[in-house]
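Asks:
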Amino acid sequence: MKPIDFKLFTESVEEERKKSINEIADWDDPKLKKKDADTISCDDDERYERVPIKRAVKKMYPNLFTDNEIDAAIEACCKKFNQSRERQAFYSCVITVLFEKHT
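Take the sequence shown: its letter number 77 is residue 76 in numbering that gives the first Met the number 0, and every next letter is one higher.
#1: In the DSSP output, which residue or residues are listed as bridge partners for Asp39?
#2: Classify Tyr60 as helix, strand or coil using the three-state DSSP reduction.
#3: What residue from Phe5, Tyr47 and Ile3 has the CA that sits closest to Arg16's CA?
#4: So, for Ile3: in the same chain, excluding its five sequence neighbours on each side, which residues have a beta-carbon less than 8 Å away from its beta-carbon?
#5: Out of Ile73, Lys78 and Asp66, point me to the one whose CA is closest to Arg49's CA.
#6: Would you please state the rounded distance, in angstroms, between the beta carbons of Pro51 and Val12? I believe it to be under 8 Å.
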């Protein structure tokens, strides 16, 4: 099993996030865009936030985790945190949950 490289994982998520944000999200209010840069939302209307995380996991660990495992890890982290979720902490939670299930 490939060891966890959290820095590389975070970079990969951010790369995927930028692609998704450009495709999906369009903010009229620059203040809202700045606020959203450091947090992640698990609200149903912002499900696009989960897409780059899933893409990064699949890119870094192909064939290790199923879509259902990734989705379950993301949901577990959504339930763990309160309303505002700091991105780095959220990414760390997802990776931790995924690898706890595989050890």
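Glycine is no exception: its CB is placed at the ideal position from the N, C-alpha and C atoms.
Since the structure is predicted, the reported quantities are computational estimates derived from the model, not experimental observations.
Replies: In short, the structure shows the following:
#1: Reading the sequence as shown, one finds Ile at residue 39 and not Asp. Paired residues: Arg84.
#2: coil
#3: Tyr47
#4: Ile94 and Phe98
#5: Ile73
#6: 5 Å
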